[in-house]
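Written out below as structure tokens is the structure these notes cover.
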Amino acid sequence: MSEKVDARGLSCPQPVLMAVSKMKELGAGEIEIVVDNEVSRENITRAATNQGWGVAEVKEEGEEYRLRLKR
Amino acid sequence: MLSVLTIIPYWVTKKFSPTDHIKLNRRHKLEPKRNLFATSGGITAAGVVIGVLAPLLQKWGNPGNMGICMACFERDVAGALGLHRADLVQYLRPEIIGFVLGSFVAALSFREFRPRSGSAPIARFLLGMCAMIGALVFLGCPWRVLLRLAGGDGNALFGFAGLAVGVGIGTVFFRQGYTLGRTSKQNYGLGLLMPLVILSFLALRLIYPPLPNEPKSGLLFYSLKGPGSQYAPLAISIVVGLLVGFIAQRSRFCTMGALRDLILFRHWHLFLGILAFVVAAWATNLALDQFHPGFTNQPVAHTQSFWNFSGMLVAGLAFALAGGCPGRQLFMSGEGDGDAAIFVFGMIVGAAFAHNFGFASSAAGIGPYGIVAVVVSLLICLYIGFTNIRRVGE
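From first to last, the protein sequence lines stand for chains F and W.
Our numbering puts the first residue of the first sequence at 12, with every later residue one more than the last.
Our numbering puts the first residue of the second sequence at 14, with every later residue one more than the last.
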């Protein structure tokens with residue numbers, strides 16, 4: 012069961028802050044993050060890579076992106 | 014042109030971004046999205062291109078170390094529309110039109126035009142005003158801080174330090190849970206409002222062009238001397254503006270974000286952009302004989318270091334709390350972000366206040382009410398910061 016983060020409607024730097032804080036809190040595991048803009052998708056992907064996490068999957072659903080981060 | 018722009022970052026990096034290897038769910042989309050501008054090479058290339066264009070605009074007619082300055086240009090727009098009557102700074106800068114429309118075209122082309130709004134608009138308007146008032150005490154936005162550095166203006170060192178401290182204070186608020194809340198999706202027509210307003214500026218500029226030795230042409234005011242009278246030809250300003258708007262939208266170039274991400278996350282990505290920008294601008298200035306190191310007699314600048322620092326501190330804090338430098342706010346307004354558009358109008362109104370009430374500095378030094386303006390603007394920013402600390406989702 013993955014942890015969920017809803018960062019829809021938020022802009023930089025909040026989606027990244029939420030993602031990084033969840034990654035630090037868990038240490039390892041799986042996080043599902045929903046964002047609604049391309050910039051947040053790029054920034055979270057970059058932040059995950061920096062934190063040593065990988066982006067396992069990105070689903071594009073209408074105007075939203077569902078990112079699955081894994082470590 | 015599009016294909017050339019897209020390939021530049023690839024030449025620099027010779028590789029695609031980590032984001033390109035994302036395994037996309039095939040039920041939803043077959044091809045991964047590739048935004049080469051969002052790679053390290055991409056943001057660096059964007060910084061270089063914009064960094065070369067800005068000093069060239071000076072060569073083509075814009076004021077010294079002011080090839081691109083969002084605050085100065087919006088202040089000049091406010092003057093052209095008669096919102097303030099400082100007769101040295103009145104010109105409806107076509108670059109502003111280009112920035113918004115270039116970003117609008119980029120957002121449309123890459124399916125990123127998303128009308129959205131509703132995240133604390135009044136706070137954003139006031140932050141825009143405070144940002145402009147701080148910027149006009151320093152005499153320039155963060156873009157011009159970098160251009161003044163690239164032109165050898167030592168006073169900009171204090172501005173840069175102030176900017177970094179202001180953004181640093183902003184990151185403390187973010188760490189404490191500061192947020193202006195979520196935006197909500199808006200209809201397409203609402204998203205088109207800002208591009209339409211900007212198109213009406215273009216129409217005004219075309220209908221009422223500057224007339225020789227005339228301070229007014231129809232509805233528009235023009236400067237006969239001073240920075241407002243110095244400008245590159247219309248076509249050049251618009252084309253460069255469009256190009257910068259397009260590149261900046263794709264690369265997410267942000268002068269405030271560069272410092273914020275470095276302080277908050279130790280992320281160098283956006284900082285590479287402003288580093289490339291300042292180095293390219295410096296090299297271009299050298300090539301054009303526009304590099305004049307020193308503190309005195311710098312173009313559109315004063316030497317009151319503490320107020321250069323303080324003005325930019327206030328502006329940096331306001332930009333951080335609003336989530337983008339003045340350039341990024343213009344580019345986001347072109348993407349359909351109504352809150353960013355409100356910030357832009359806050360800046361324009363802030364410029365009117367700054368010149369109507371003696372907040373703005375001049376080459377002689379700070380304005381008669383500059384100190385009061387800095388203190389009040391700082392208090393407003395702190396008020397907005399403290400009153401919006403909450404858990405996301407509250």
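Where a beta carbon is used, it is the ideal one built from N, C-alpha and C, also for glycine.
It should be emphasised that the depicted structure is a prediction, and the values quoted were computed from it without experimental measurement.
The C-beta of ARG57 (chain F) comes closer than 9 Å to at least one C-beta of chain W. Using a Cβ-Cβ cut-off of 9 Å, VAL45 (chain F) does not count as an interface residue toward chain W, since no Cβ of chain W sits closer than that to its own.
Minimum Cα-Cα distance from ALA216 (chain W) among the listed residues W:PRO225, W:PHE259 and W:LEU232 corresponds to W:LEU232. The residue among W:PHE332, W:ARG273 and W:GLY254 with its C-alpha nearest the C-alpha of VAL357 (chain W) is W:PHE332. For the segment 106-139 of chain W, the set of positions with a beta-carbon nearer than 7 Å to some beta-carbon of chain F reads GLU125 and ARG127 in chain order.
Of all residues in the segment 273-285 of chain W, only ARG273, ASP274, LEU277, PHE278, ARG279, HIS280 and HIS282 come within less than 9 Å of chain F when Cβ atoms are compared, listed by chain position.
Per the coordinates, the alpha-carbon of PHE370 (chain W) lies some 14 Å from the alpha-carbon of GLY147 (chain W).
In the structure shown, SER22 (chain F) falls within a coil segment according to DSSP collapsed to helix, strand and coil. Per DSSP, GLU75 (chain F) is one residue of the beta strand (DSSP E) stretching across 75-81. Runs of the beta strand (DSSP E) spanning 3 or more residues and lying entirely within the segment 212-254 of chain W do not occur at all.
When C-beta distances to chain F are compared with 9 Å, every residue of the segment 202-223 of chain W stays at or above that value. Within chain F, the C-beta atoms nearer than 8 Å to that of ASN48 (chain W) come from GLU49 and GLU53, in chain order. When C-alpha distances from GLY340 (chain W) are compared across W:PHE372, W:THR297 and W:ARG265, the shortest belongs to W:ARG265. For SER53 (chain W), the three-state secondary structure derived from DSSP is helix. Per DSSP, GLY347 (chain W) has no beta bridge partner at all.
Of the residues assessed, TYR396 (chain W) falls on the exposed side of the cut-off, its CB having fewer than 16 other CB atoms within 10 angstroms.
Taking the C-beta atoms as reference points, LEU330 (chain W) is found nearer than 9 Å to GLY183 (chain W). Contact between the segment 42-60 of chain F and the segment 74-82 of chain F is present: 3 or more CB-CB pairs across the two stretches fall below 8 Å. Here the alpha carbons of VAL46 (chain F) and HIS280 (chain W) stand approximately 20 Å from one another.
Looking at the DSSP output, ILE42 (chain F) sits in a beta bridge with F:GLU14 and F:LEU80. Contacts between SER22 (chain F) and chain W, judged by CB atoms closer than 7 Å, involve GLY336 in chain order.
The beta carbon of GLY131 (chain W) lies closer than 6 Å to those of THR196 and SER197 in the same chain, with the five residues before and after it left out. Here the segment 384-400 of chain W does not lie against the segment 166-178 of chain W, with fewer than 3 beta-carbon pairs under 8 Å apart. In the displayed model, ASP89 (chain W) falls within a helix according to three-state DSSP.
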